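Count the sequence shown with the numbering used here and you get residues -11 to 143, in order.
Idealized CB from N, CA, C, for every residue including glycine.
What you are looking at is a predicted structure, and each value in this text was computed from that prediction instead of being measured.
Working notes, beginning with the structure itself.
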Amino acid sequence: MLLVRVRPHKNESFQTYCIKLAQSNGYKFSAFCTQIGHEASPYKSTKTEDRKCIAQLVAEISGYEEVKDIVDFQACYHTHKLFIDYTRVKICPYCIGSGDLPLYWSLKNYLVCVEHQTQLIDVCSSCSLKLTAESLSQNCCIESVSYTHLRAHET
């Protein structure tokens, strides 16, 4: 079981929940995924049985059975790949500071945060690198993105 157990939110995807778990426990996302692969199935597998094994393992290590009920984009790759953006991570620079990673940010045509009326970004404003699950799990881009946009909003 993980030391820091994060309760899953209804509006997040399984993938963003795993990013939060890794982040909260100080793991690199790649190391977290590798460990899941050793104990269950390869993290990026799209096979139904593999996704069930992974969800079961994450439910066990997080202590929350409801993890098995949140949307897993990898599980619906074959049926919904035209609608879900598997190539990039998009975030709202204002929402990300609160730890919100809603599942609808992963939809290809979802480009603006309705709450903040701002475009979702996929590049860190500080280091100019493409945002990834790894950079989000390590907070290296979250803090600079949030800080940059919050400072601009204050002026």
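- Using a Cβ-Cβ distance cut-off of 8 Å, the stretch 31 to 39 and the stretch 57 to 76 are in contact, since at least three pairs of beta carbons, one from each stretch, lie closer than that value.
- In this structure, DSSP gives C112 a state outside helix and strand, which the three-state scheme calls coil.
- The three-state reading of DSSP puts I79 in strand, counting E and B together.
- For the set L45, D73, I109, the Cα lying nearest the Cα of T22 is the one of L45.
- For R39, the uninterrupted alpha helix (DSSP H) segment begins and ends at 36 to 50.
- Just so you know, the alpha carbons of K69 and L95 end up roughly 10 Å apart.
- Cβ neighbours of D38 within its own chain (closer than 8 Å, five residues either side excluded): A28, S29, P30.
- A Cβ-Cβ distance of about 5 Å is found for the pair A121 and F17, placing them in contact under the 8 Å criterion.
- Taking M(-11) as the centre and dropping the five residues before and after it, the same chain places the C-beta of I49, G51 closer than 7 Å to its C-beta, in chain order.
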